[in-house]
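These protein sequence lines map, in sequence, to chains A, B, C and D.
Take the first sequence: its position 47, counted from the start at 1, is 47 in the numbering used here, and no numbers get skipped.
Take the second sequence: its position 93, counted from the start at 1, is 179 in the numbering used here, and no numbers get skipped.
Take the third sequence: its position 84, counted from the start at 1, is 334 in the numbering used here, and no numbers get skipped.
Take the fourth sequence: its position 3, counted from the start at 1, is 338 in the numbering used here, and no numbers get skipped.
Where is the CB? At the ideal position from N, CA and C, for every residue including glycine.
Quick caveat, the model's predicted, so the values are computed rather than measured.
Read through the structure below, which is laid out as structure tokens, and then see the notes.
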Amino acid sequence: MAEIIINIAGYIALLALALSFIRMILGPTTADRAVALDTMTIISISLIAFIASKSMRIIYLDVATVYALISFLGVIAVARYIERGI
Amino acid sequence: MKILKRSILIYIFLFFVWFLLTGFKAQELIAGSVVCLIITVIYNSKALAFEELRLTPKSLLYSILYAVIFLVELIKSNFDVASRVANPKLPIHPGIVKVRTKLKSKIGKLILANSITLTPGTLTVETRDEFFYIHWINISTDNIDDTSRQIVARFERYLEVIFG
Amino acid sequence: MITVFIIILGIIMILAAIIAVMSKNLLTAIISSGVISLLASIIYLILSAPDVAMTEAAIGSGLTTIVFLYALSRIKKINKEIDDD
Amino acid sequence: MAVLDILGAIITLIGSLFLLLGSIGILRMPDVYNRMQAGTKATTLGSMMFLLGLGISYIECGCIGRIVVLILFILFTNPISSHALARAAHHAGIKLADVSIRDCLKDDEQEQKGASV
């Protein structure tokens with residue numbers, strides 16, 4: 001029972017990733033694309049934690065931590081570039 | 087005295103994060119405590135954020151209250167966004183307004199701006215000295231005092247006690 | 251379950267690669283190549299290679315984006331100087 | 336044990352619904368600032384609940400500490416990144432949508448420019 005509900009949650013998160021990718025395709029300005037990238041990052045962290053829990057390997061959560069740190073830097077770099085160039 | 091307080095706070099913070107990452111294992115806890123001590127000694131002149139924290143019983147009580155109020159506002163804001171997004175007519179009246187804050191400390195302003203971003207319908211766009219420019223999804227008043235009271239006041243009361 | 255994940259992530263990756271190649275705006279191309287390595291690291295993780303996934307996340311999504319942005323801003327600066335002369 | 340499993344699964348499901356809501360908000364809103372509002376708030380609470388539900392549901396693998404670290408990290412950095420993006424977008428001159436009522440920041444900037452000239 002619990003397994004099935006968690007699987008459904010994983011599918012919904014994957015759908016959310018695909019929907020925010022559509023905004024990245026459409027986005028009229030670069031800032032829209034950067035917002036879509038930010039959202040995709042957060043959803044991917046959730047997906048990584050989901051995969052880690054499914055396969056019961058605790059080391060996968062370290063990947064999620066590294067991922068959160070690095071992609072935060074990436075979004076900040078894009079924002080800085082839009083503002084005035086690095 | 088100030089340096090001692092700052093160092094102890096940094097050490098407790100670092101050790102707490104290390105403990106969360108590793109769990110109850112004697113060897114790792116010992117190694118972590120040594121490494122945390124080294125980092126504290128090297129970096130305690132740069133971590134000025136911890137200096138502004140007040141450590142009285144009243145401020146501890148207020149920080150717990152603040153966390154509770156913040157979580158309630160976060161959940162409320164999500165239902166607010168949900169109702170706006172799910173509505174087919176998309177009921178928004180957005181715009182950028184200006185509010186004034188009484189807080190002096192930098193870290194207090196940072197936490198206030200973050201809290202504003204996560205509460206219903208508001209997003210901090212720019213900060214200049216004592217003024218915050220806020221993108222508000224549903225503008226109801228024009229006056230700067232009214233907007234300050236509606237957006238900022240409920241957090242400011244607590245943050246004023248915690249950070250000063 | 252896992253197969254569906256890999257298929258959908260792969261489709262998104264291909265679309266992002268097409269955007270990166272076809273787009274006229276260089277910043278868009280950089281952002282979409284960041285998306286590609288972001289999703290590639292999830293696929294590495296599904297194929298049970300956490301070390302590769304960590305490296306891909308650090309280098310592909312973080313460092314390459316920053317290096318590309320730095321290079322782009324330098325190119326713009328040089329172009330401006332040439333135009334001024 | 337079974338109760339914890341079900342509770343965690345339901346929290347995970349609610350979190351994923353919030354994530355979906357954030358994506359729909361990003362698709363539907365008219366301009367970049369409103370998109371940021373929907374994106375930041377819904378995805379912050381959504382991913383927090385998703386991670387917390389996974390941690391409760393799979394509590395026997397001992398990963399709750401790392402999940403708490405991840406939740407705290409997301410809670411602190413997500414508003415900062417959206418704030419940086421909003422500031423950059425306003426600085427780059429992206430206009431608000433037509434339904435917007437007013438823009439104090441732009442008025443103040445023009446006032447400053449007028450005073451300096």
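Beta carbon proximity, residue i to chain C, threshold 7 Å
| i | result |
| --- | --- |
| A/ARG33 | yes |
| A/THR39 | no |
| A/ILE45 | no |
C-beta atoms of residue i and residue j nearer than 7 Å
| i | j | result |
| --- | --- | --- |
| B/PHE241 | B/LEU198 | yes |
| D/LEU380 | B/LEU160 | yes |
| D/LEU389 | A/ILE43 | no |
| D/ILE361 | B/VAL171 | no |
| B/THR233 | B/VAL167 | no |
| A/SER20 | A/THR39 | yes |
| C/LEU322 | C/LEU289 | no |
| B/THR210 | B/PHE217 | no |
| D/PRO384 | D/ILE341 | The sequence given here places Met at residue 384 of chain D; Pro does not occur at that position. Not a contact, by the Cβ cut-off of 7 Å. |
Cutoff 7 Å: residue i Cβ touching any chain D Cβ
| i | result |
| --- | --- |
| A/ALA77 | no |
| B/ALA112 | no |
| A/MET56 | yes |
| A/LEU73 | no |
| B/LEU198 | no |
| A/ILE51 | no |
| A/ILE48 | no |
| A/LEU14 | no |
| A/ILE5 | yes |
| A/ILE42 | yes |
| B/LEU106 | yes |
Cβ neighbour criterion (16 or more within 10 Å) applied to residue i
| i | result |
| --- | --- |
| B/ASN229 | exposed |
| B/ALA112 | exposed |
| D/LYS376 | buried |
| A/ASP32 | buried |
| B/PHE110 | exposed |
| B/SER131 | exposed |
| A/ARG23 | buried |
| B/LEU141 | exposed |
| C/ASP335 | exposed |
| B/ASP231 | exposed |
| D/GLY397 | exposed |
| A/VAL63 | buried |
| D/GLN447 | exposed |
Residues near residue i in its chain [Cβ-Cβ closer than 6 Å; skip 5 each side]
| i | result |
| --- | --- |
| D/ILE402 | LEU386 and GLY390 |
| D/ILE399 | GLY390 |
| B/THR79 | Lying outside 87 to 250, the shown extent of chain B, residue 79 of chain B is not represented and no answer is given. |
| D/LEU356 | ALA377 |
| D/ALA344 | SER392 |
Residue i versus the options, residue with shortest Cα-Cα distance
| i | options | result |
| --- | --- | --- |
| B/LYS188 | B/MET87, B/THR126 and B/LEU245 | B/LEU245 |
| B/ASN164 | B/GLU212, B/PRO206, B/ASN224 and B/TRP104 | B/PRO206 |
| C/ILE309 | C/ILE328, C/LYS326 and C/SER291 | C/SER291 |
| B/PRO177 | B/ASP215, B/LYS88 and B/ASN224 | B/ASN224 |
| B/ILE182 | D/ILE415, D/ALA373, D/TYR368 and D/ALA450 | D/TYR368 |
CB contact check: residue i to chain B, cutoff 7 Å
| i | result |
| --- | --- |
| D/ILE346 | no |
Neighbourhood of residue i by C-beta distance below 7 Å, restricted to the same chain and skipping five residues each side
| i | result |
| --- | --- |
| C/ILE319 | It should be noted that the sequence gives Leu, not Ile, for residue 319 of chain C. Cβ within range, chain order: ILE280. |
| C/TYR294 | VAL302, ALA303 and GLU306 |
| D/ILE349 | MET384 |
Neighbour flag for residue i against chain A, beta carbons, 7 Å
| i | result |
| --- | --- |
| D/TYR368 | no |
| C/GLY260 | no |
| C/SER287 | no |
Own chain, CB closer than 8 Å to residue i, minus 5 neighbours either side, in chain order
| i | result |
| --- | --- |
| B/TYR148 | TYR244, VAL247 and ILE248 |
| D/LEU339 | ILE391, SER392 and ILE394 |
| B/TYR97 | CYS122, LEU123 and THR126 |
C-beta neighbour in chain G for residue i, strict 7 Å
| i | result |
| --- | --- |
| C/SER273 | Although the question refers to chain G, the structure presented lacks it and instead comprises the protein chains A, B, C and D. |
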